[in-house]
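For the sequence shown, our numbering gives the first residue as 1269, with consecutive numbering after it.
Idealized CB from N, CA, C, for every residue including glycine.
One structure is given here, and the rest of the page talks about it.
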Amino acid sequence: MEAMKQPADSVKENLRRLLASEWVQIQKNNFNDEKLNEQLSILKNEKTDKPVFYVGAGTCGLGAGADKTITTLNDYLRKNKIDARVIEVGCIGLCSEEPLLDVLLPGKARLVFKQVTADKVVQIVEKTLQGKIPFENLLGQHRSPVLKGWADIPYLDEHPFFAPQTRWVLKNCGVIDPTSIEEYMAYGGYRAFARALRTMTPQEVCDVVEQSGLRGRGGGGFPTGKKWKFALNTPAEQKFMICNADEGDPGAFMDRAVIEGDPHRVLEGLMIASYAVGASKAYIYIRAEYPLAIARLNIAIEQAKEYGLIGENILDSGFDFDVVIKKGAGAFVCGEETALIHSIEGKRGMPRPRPPYPAVSGLFGKPTIINNVETLANIPVIIANGAEWFNRLGTEKSKGTKVFALSGKIRRTGLVEIAMGTSLRELVFTIGGGVENGRAFKAVQIGGPSGGCIPEQYLNIPIDYESLKEVGAMMGSGGLVVVDDKTCMVDLAKFFMDFIRRESCGKCIPCREGTRQMLEILNSVSRGRRSEHGQDALERFKSVMYLNRLAEVIKDTSLCGLGQSAPNPVLSTLRWFREEYEIHIYERKCPAGVCAELLSFRIDSEKCEGCTLCALKCPVQAIVGDKRSPHYIIKDKCIGCGTCVDVCNFNAIIVK
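This is the structure:
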């Protein structure tokens, strides 16, 4: 195909023209350039004369072995002299089926294969190239308006994981090459930025975003357009825009996946936001633990500079823009915007009292707007399609979509994007496939460590900002952890409280000391009698009586959002699982069988074969018995470690 031999300079020239002089005509569908349209089709691999292989190489895919899959695939293609392209893409969302391999044959729709480890890739590729589809690993095919579909193969958008989703933010993730600005532009990238610069004033951009109903996706839920206007209307010679990519919630990986899979989208949203508030410089504050996301961002920034999208007088608009990546050291408190600002300034990441708010006096004392990754990733589609298009989806006060990271005891883990108002039940049981291993559903922890637990009786609530608050939870950034009936809610509260205590900056006493005291109380709740001395038992009951009061004091008097929401894991579990707390407190038992000090171990004499393995492995010699005779556990010596359960080959250990 002759068109595929066009030099790169010709493609770049046409793409620059697409963004600059021809923008208005393109939007009005009056632009007709067969050469450019041909190039766009080639960039999207709709026209190719060779096979194209896409490998999910986000962090989740690499963790599942995608790097070995890529190496094996490249070796096979080289040895067999097969002319093909191998493209590393981000995560499409279905992390539980990684590594994922897409195969695109000339003229045919793109096939998606699951769990393609290094030992399977050659067989799958060989059969597919011969037209013999290996259905055991087949996930589906992409729907395409141009390429011919495969007969009797389901489309990926019909899969129960993808069918209920509305993918706006995640549209390109796992689909396009994240290291190619040309491919991003072929799919419509940077056209919204060009439209904003060439046809809209900053005030008009803010108006559209405000009318769309977009609210901050980092957890606060403050109206984005309204927030921007504070900075726009504050006079200053210098203003700053910050992208907060410092997600620190356990079980949250939304920002990382979006940046790894579609960095130009985040960058474009940051550019539009900077133009809207009058900021000529932006910072991307990202965790240093995200090396792949940082690498993809660096590539995207350099490519944008090459196209003149970063620099001075961008697209002859008079707008200057520069962006700097700032690596965070992983402190959870730096997700709070004033602590984040201090970190960028080179100070210790600690919150400060407000007002003044950052929109008036932020980074280096200048007006500063901070938005998280998902918020910014929504901006290009809002500018491109309009406010009404965006706010047609969602509920009355929560518009658009929300990205969640599904994890925990669930069959299909991964990244999902659903319309606001979708029920929690549909998210967990339809998209996520329900609880794994046939266990019973118990609750979901939503909103991160500062969020709350939602029990089974509230699974039908719509997911929006207001509904979640009514049941003691919060939207948060989007982490959602599913727990089953083998999870102890007291232990879960201890885990999150320990996390919050360790991550407290220590600046204010209610958070620093209050979280420590709450953790001590939770530890005492799950403590057995053998660990108590003197008046410990009396102190245990006394402290439990003050648990709820202590939580309210911390909420009311802490300086920042971290401290104010710190008691939420305890308050929500107390609210919905009080009976489980009471069993721990009064009966000193753990119904889920998790709290070691509250468990009792007994050996079933009928099942015990007297192999002595449990006695040999017991760290405190609490198991006695003769060889080939039933053994016995000395309760006063047993520490409840569970080692005997792990080593017994006859299921003779009874745990209660």
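When the alpha-carbon of residue 1591 is set against those of 1895, 1553, 1515, 1628, the nearest one is in 1553. Here the alpha carbons of residue 1594 and residue 1415 stand approximately 42 angstroms from one another. For residue 1339, there is no enclosing beta strand (DSSP E); the enclosing alpha helix (DSSP H) covers residues 1334 to 1347. In this structure, the CA atom of residue 1402 is about 15 angstroms from the CA atom of residue 1372. The segment 1545 to 1608 is shown to contain whole beta strand (DSSP E) runs of 3 or more residues at 1549 to 1555, 1590 to 1596, in chain order. Residue 1628 and residue 1773 have their alpha carbons spaced roughly 24 angstroms apart. Between the segment 1605 to 1620 and the segment 1779 to 1793, the count of C-beta pairs closer than 8 angstroms stays below three; the two stretches do not touch.
Your pair residue 1408 and residue 1359 does not check out as a contact, with CB atoms roughly 16 angstroms apart and the cut at 8 angstroms.
The beta-carbon distance between residue 1837 and residue 1701, rounded to whole angstroms, is 26 angstroms. This is too long to meet the 8 angstroms contact definition.
When the Cα atoms are used, residue 1828 and residue 1604 turn out to be separated by approximately 8 angstroms. No residue range can be given for residue 1377, since it is assigned to no beta strand (DSSP E) and is classified by DSSP as neither H nor E. In this structure, the CA atom of residue 1712 is about 31 angstroms from the CA atom of residue 1919.
With a minimum length of 3 residues, the unbroken runs of beta strand (DSSP E) contained wholly in the segment 1860 to 1919 fall at 1869 to 1871. The beta carbons of residue 1822 and residue 1887 sit no closer together than 7 angstroms. Going by beta carbons, residue 1532 and residue 1568 fall inside the 7 angstroms limit. Fully enclosed beta strand (DSSP E) runs of no fewer than 3 residues occupy 1747 to 1752 of the segment 1738 to 1805, in order along the chain. Counting the other Cβ atoms within 10 Å of the Cβ of residue 1765 gives 16 or more, which makes it buried.
Secondary structure at residue 1367: coil, using DSSP grouped into helix, strand and coil.
Here residue 1322 is buried. Its C-beta has 16 or more other C-beta atoms within 10 Å. If you ignore the 5 residues before and after residue 1396, its C-beta comes within less than 6 angstroms of the C-beta of 1371, all in its own chain and listed in chain order. Straight-line measurement puts the Cα of residue 1883 at about 31 angstroms from the Cα of residue 1707.
Going by DSSP, residue 1322 is part of the beta strand (DSSP E) stretching over 1320 to 1324. Residue 1420 sits exposed, since fewer than 16 C-beta atoms from the chains shown fall within 10 Å of its C-beta. In the displayed model, residue 1658 falls within a helix according to three-state DSSP. Residue pairing from DSSP leaves residue 1833 without any beta-bridge partner. Going by C-alpha positions, residue 1336 is about 16 angstroms away from residue 1381. Approximately 35 angstroms separates the beta-carbon atoms of residue 1896 and residue 1856; this is outside 8 angstroms, ruling out the contact. Excluding the 5 residues flanking it on each side, residue 1386 has same chain C-beta neighbours closer than 6 angstroms at 1336, 1337, 1340, in chain order. Using a 10 angstroms sphere on the CB of residue 1599, the tally of other CB atoms reaches 16 or more, which defines it as buried. A check of alpha carbon separations from residue 1457 across 1312, 1548, 1612 identifies 1312 as the nearest. Collapsing the DSSP output to three states places residue 1821 in a helix. When the beta-carbon positions are compared, residue 1544 and residue 1470 come within less than 7 angstroms of each other. DSSP links residue 1509 through a beta bridge to 1550, 1637.
Each of 1631, 1524, 1626 was checked against the Cα of residue 1615, and the nearest Cα belongs to 1631. Selection 1872, 1503, 1437 evaluated against residue 1917 yields 1872 as nearest (Cα-Cα). Here the alpha carbons of residue 1826 and residue 1530 stand approximately 37 angstroms from one another.
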